[in-house]
Amino acid sequence: MCGICASVGFKNGVELVVDGLKKLEYRGYDSSGIAYLKNDEINLIKSVGQIKNLQEKITDNLQSDVVIGHTRWATHGKVSVENAHPHISFGKSFALVHNGIIENYEHLKKQFQIDNLYSQTDTEVLINLIEKQEGKTLDKLIGACNMVEGSFAVCLIEKKSDKIYLAKRNSPLMVAISQNGCMAGSDISIFAKKFEECFILEDDEFVIASAKKLDFFNKYGEKIEKTPLNISNFDFSDENLNEKYFMLKEIKEQPIVLKKTFFKYFSENYLNEQLLSQLGKFKKFHFIACGTAYHSSLMGALFLEKFCRKECQVSIASEFRYANRVLSKNCLYVFVSQSGETADTIACAKLVKEKGMKVMCVTNVPYSTLEHIADFVLPTFAGKEVAVASTKAYVSQVFTLLIMVLKMAKIDEQDLLKDFVLRYDNFNFDEKLLFPISKFKKVFFIGRGQDYVTSLEASLKLKEIAYLNCMGMASGELKHGTLALIDKETLVIAVSTVESLKSKVESNIEEVKARGGKVLLLSNLVHNVDVDFRIDLPSFDEILMPIVSVIPLQLLAFNYALMLGYNPDKPRNLAKSVTVE
Ligand code: M6R
């Protein structure tokens, strides 16, 4: 999983590509690099770590009108300068940046005797495979790609050439042209304020891009026509960082995201009668997603069963993918994904679609791969989410699914939701809580029903940015094993927002206390139990409490990470968008 960016024709190509890479850094930040043409030869600059390290190596005013760049999330080979892209062919004629995984690279390496590689990457095999093919550069690229199994989005340059060559399969790639040149890359953000329209490439399409022209080809090398997408009205505005960290900015944006979501779904009527009636015809809903989006799917399923009495199932995409599940035409397959680019989620969407099932996606990124596959699209309006830990996207997914369910159930809760979005404001997290909490080596989040889902999400946040070995679980499950771990070094964070389950939560808290565990209670309810710490939540209707309760827990994780000296925006080993299996 990586981000790629290329520029041809623009005199300030290096600057454009480096700026583009910064926007793509959410796709990986293990290393980065550029390749550019100077005096007809290919030059490379690479660096380990974030793009700022690469920038320090680039001399001021370095000019080139043919440039490719890459930001890496390591898959094959450790994090090192050698493994950083771009990779150059043995003959030094070609350089390549690649997002994806060449699954049969070992086989290709043997078959074509590609030995003595400089790096440990599958990409270096690909660039040499390209060099070994017959014909013109496009033929070479097509020939190599046709032999590859796996996923790729690639930008290729050649010495003594003023062109860039593009190819893609199962990884995103788009290209745009203006009077001054072309740019290509992994997502639409790189085109901000520079282009009026862009072309989104389909699998097994190829492009030759020069300063003045774009030519598109299929995998047989035949020329094809493509329709551009107008992006002049695309909203690129919310990429500015007015806080020190994107994660905090995004947490603070949540009240606005809720208002925007309400407005879109009620005033602009994004979910019209026709779509609602189509959705209503399905007897069953099967949600499929990863990570945080899996948690919002669990919440969506709870809402659907409660209000619409529809049978629901929720699967983790990487499990669903190889499980050979029984599919049904009565079922709507719902794919929830902030990015719309998560490899496992996309693979499952393609799989069910190929078998003739209907696919809906709930996604935050317009024109994403998932949107492209789906029969029905339910957009979320969180705006660009940059921090690796998902916050506002989760809240927008939960709120959007709630709105969908209430509309499907024909329950008119418009006033209730409106009152909520107007009254709900940022939560003031009391940092004094951090020190006592930080003394615990073991942390469990517990809850029932919707609070169980919140516990899972809260625990994921704390793991991914504060590296705390914690766990979210159903309160009722404690006594089936985990209770054995409870002692005075354990903190149990109990989430309680459902009046009818209050007494059950209290019993679980007593069970923890009886074993010497300490308890932090996060609730808007009046509880009859003594606890060690409390976070009091503002009270709203129970169906809205999953949104209200998760935000202090996002802030807990954020502040905890800061306290330990970690950068919450860029946790180790992770990337924002997981575009490989
Ligand atoms: O873009 P997606 O919603 O498909 O991403 C799914 C997960 O990779 C993502 O939610 C991940 O778990 C987050 N880092 C959690 O904060």
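Be aware that the sequence shown starts at 1, since it is given in the working numbering, and climbs by one per residue. Glycine included, every Cβ here is placed at the ideal spot set by N, Cα and C. Keep in mind it's a predicted model, so treat the numbers as computed, not measured.
In whole angstroms, what separates the C-alpha of residue 209 from that of residue 103? Position 209 of the sequence shown, counted from the first residue, corresponds to residue 209. Position 103 of the sequence shown, counted from the first residue, corresponds to residue 103. Looking at the two C-alpha atoms, the distance is approximately 27 Å.
Own chain, CB closer than 8 Å to residue 217, minus 5 neighbours either side, in chain order: For this step, residue 217 is matched to residue 217 along the sequence shown. Within the same chain, residue 217 has close Cβ partners 138, 142, 205, 206, 207, 208, 223, 224.
Is it true that the region 443-458 meets the region 552-563, where meeting means three or more beta-carbon pairs spaced less than 8 Å apart? Yes, since at least three Cβ pairs between the region 443-458 and the region 552-563 fall closer than 8 Å, the two stretches touch.
Collect the residues with a C-beta less than 6 Å away from any heavy atom of the ligand M6R and give them in sequence order along the chain. Ordered along the chain, the selected set is 290, 291, 292, 293, 337, 338, 339, 342, 345, 388, 389, 390, 460, 464, 577, 578.
With a cut-off of 8 Å on the beta carbons, I'd call residue 197 and residue 176 a contact; round off their distance for me. Taking the sequence shown and counting its residues from 1, the one referred to as residue 197 is at position 197. Taking the sequence shown and counting its residues from 1, the one referred to as residue 176 is at position 176. Their Cβ separation, rounded to whole angstroms, is 7 Å, which keeps residue 197 and residue 176 in contact under 8 Å.
Between which two residues does the beta strand (DSSP E) containing residue 31 stretch? Walking along the sequence shown from the start, residue 31 turns up at place 31. In the DSSP assignment, residue 31 falls within the unbroken beta strand (DSSP E) covering 31-38.
Do three or more CB pairs link the region 329-347 to the region 370-381 at distances below 8 Å? They touch, by the three-pair rule.
Straight-line gap, residue 386 to residue 70 (C-alpha atoms, nearest Å): Reading the sequence shown from its first residue, position 386 is the one you call residue 386. Reading the sequence shown from its first residue, position 70 is the one you call residue 70. Here the C-alpha atom of residue 386 lies approximately 18 Å from the C-alpha atom of residue 70.
Residue(s) in a DSSP beta bridge with residue 177: Numbered from 1 along the sequence shown, position 177 holds the residue referred to as residue 177. Per DSSP, 182.
Taking the straight line between their C-alpha atoms, what separation do you get for residue 488 and residue 513? Taking the first residue of the sequence shown as position 1, residue 488 is located at position 488. Taking the first residue of the sequence shown as position 1, residue 513 is located at position 513. Note on geometry: alpha-carbon atoms of residue 488 and residue 513 lie some 9 Å from one another.
Whole alpha helix (DSSP H) elements within the region 309-375, 4-residue minimum: Correct list: 317-320, 343-354, 369-373.
Which one or two residues does DSSP pair with residue 231 in a beta bridge? As a working mapping, residue 231 is identified with position 231 in the sequence shown. Beta-bridge pairing links residue 231 to no other residue.
Bridge partners - residue 45, DSSP secondary structure assignment: On the sequence shown, position 45 is the one that residue 45 refers to. In the DSSP output, where bridge partners are listed per residue, residue 45 has 34.
Quick test of your reading: residue 519 and residue 536, contact by CB under 8 Å. State the CB separation rounded to the nearest angstrom. Numbered from its first residue, the sequence shown carries residue 519 at position 519. Numbered from its first residue, the sequence shown carries residue 536 at position 536. 15 Å between Cβ atoms; not a contact.
State the Cα-Cα distance for the pair residue 153 and residue 410, rounded to the nearest angstrom. Taking the first residue of the sequence shown as 1, we reach residue 153 at position 153. Taking the first residue of the sequence shown as 1, we reach residue 410 at position 410. Linking residue 153 to residue 410 through their CA atoms gives a straight-line distance of about 44 Å.
Just confirm the distance between the C-beta atoms of residue 557 and residue 389, as a whole number of angstroms; I'd bet it's less than 8 Å. Your numbering for residue 557 matches position 557 in the sequence shown. Your numbering for residue 389 matches position 389 in the sequence shown. Cβ atoms of residue 557 and residue 389 come within 8 Å of each other, at about 7 Å.
Take residue 109 and list the residues in its own chain whose beta-carbon comes closer than 6 Å to its own, dropping the five residues that flank it on each side. Numbered from 1 along the sequence shown, position 109 holds the residue referred to as residue 109. Taken in chain order, the residues that qualify are 125.
For residue 84 and residue 396, the rounded distance between their alpha carbons: Here residue 396 refers to the residue found at position 396 when the sequence shown is read from its first residue. Here residue 84 refers to the residue found at position 84 when the sequence shown is read from its first residue. Inter-residue distance for residue 396 and residue 84 is about 35 Å (C-alpha atoms, whole angstroms).
Excluding the 5 residues flanking residue 416 on each side, which residues of the same chain have their C-beta closer than 7 Å to its C-beta? Walking along the sequence shown from the start, residue 416 turns up at place 416. 541, listed in sequence order.
Does the Cβ of residue 582 have 16 or more other Cβ atoms within 10 Å, making it buried, or fewer, making it exposed? Residue 582 cannot be examined here, being either before or after the span of the chain that is shown, 1 to 581.
Strictly by DSSP, which residues pair up with residue 518? Position 518 of the sequence shown holds residue 518. BP columns for residue 518 point to 491.
Complete runs of the beta strand (DSSP E) confined to the region 364-431 [at least 3 residues]: Fully enclosed beta strand (DSSP E) runs of 3 or longer: 376-379.
Quick test of your reading: residue 95 and residue 44, contact by CB under 8 Å. State the CB separation rounded to the nearest angstrom. Reading the sequence shown from its first residue, position 95 is the one you call residue 95. Reading the sequence shown from its first residue, position 44 is the one you call residue 44. Cβ atoms of residue 95 and residue 44 come within 8 Å of each other, at about 7 Å.
Just to confirm the assignment, what range does the alpha helix (DSSP H) spanning residue 560 have? Counted from its first residue, the sequence shown places residue 560 at position 560. Residue 560: member of the alpha helix (DSSP H) spanning 545-563, first to last residue.
Where does residue 77 fall in DSSP's three states? Here residue 77 corresponds to residue number 77 of the sequence shown, with the count starting at 1. Residue state, collapsed to three classes: coil.
For residue 99, is the classification buried or exposed, using 16 other Cβ atoms within 10 angstroms of its Cβ as the cut-off for buried? Position 99 of the sequence shown, counting from 1, holds the residue named residue 99. Buried, by the Cβ-count rule.
Option nearest residue 442 by Cα separation, candidates 169, 483, 28: Locating residue 442 in the sequence shown gives position 442, counting from the first residue. Closest by C-alpha distance to residue 442, out of 169, 483, 28, is 483.
Just mark residue 38 as buried or exposed, buried being the case when its beta carbon has 16 or more other beta carbons within 10 Å. Taking the first residue of the sequence shown as position 1, residue 38 is located at position 38. With a 10 Å radius around the Cβ and a threshold of 16 neighbouring Cβ atoms, residue 38 comes out exposed.
Out of 373, 479, 296, 450, which one is the CA nearest neighbour of residue 498? Your numbering for residue 498 matches position 498 in the sequence shown. Checking every option, the nearest Cα to that of residue 498 belongs to 450.
Same chain, Cβ closer than 6 Å to residue 16, neighbours up to 5 away in sequence not counted: The residue given as residue 16 occupies position 16 in the sequence shown. Taking C-beta separations shorter than 6 Å and ignoring five residues to either side along the sequence, the partners of residue 16 in its chain run 7, 10, following chain order.
Answer with yes or no whether the minimum CB distance from residue 414 to chain B is below 8 Å. Considering every chain present, this structure includes no chain B. It has just one protein chain.
Distance, Cα to Cα, residue 278 vs residue 463? For this step, residue 278 is matched to residue 278 along the sequence shown. For this step, residue 463 is matched to residue 463 along the sequence shown. Computed Cα separation, rounded: 39 Å.
Which one or two residues does DSSP pair with residue 528 in a beta bridge? Residue 528 sits at position 528 when you count from the first residue of the sequence shown. According to DSSP, residue 528 bridges with nothing at all.
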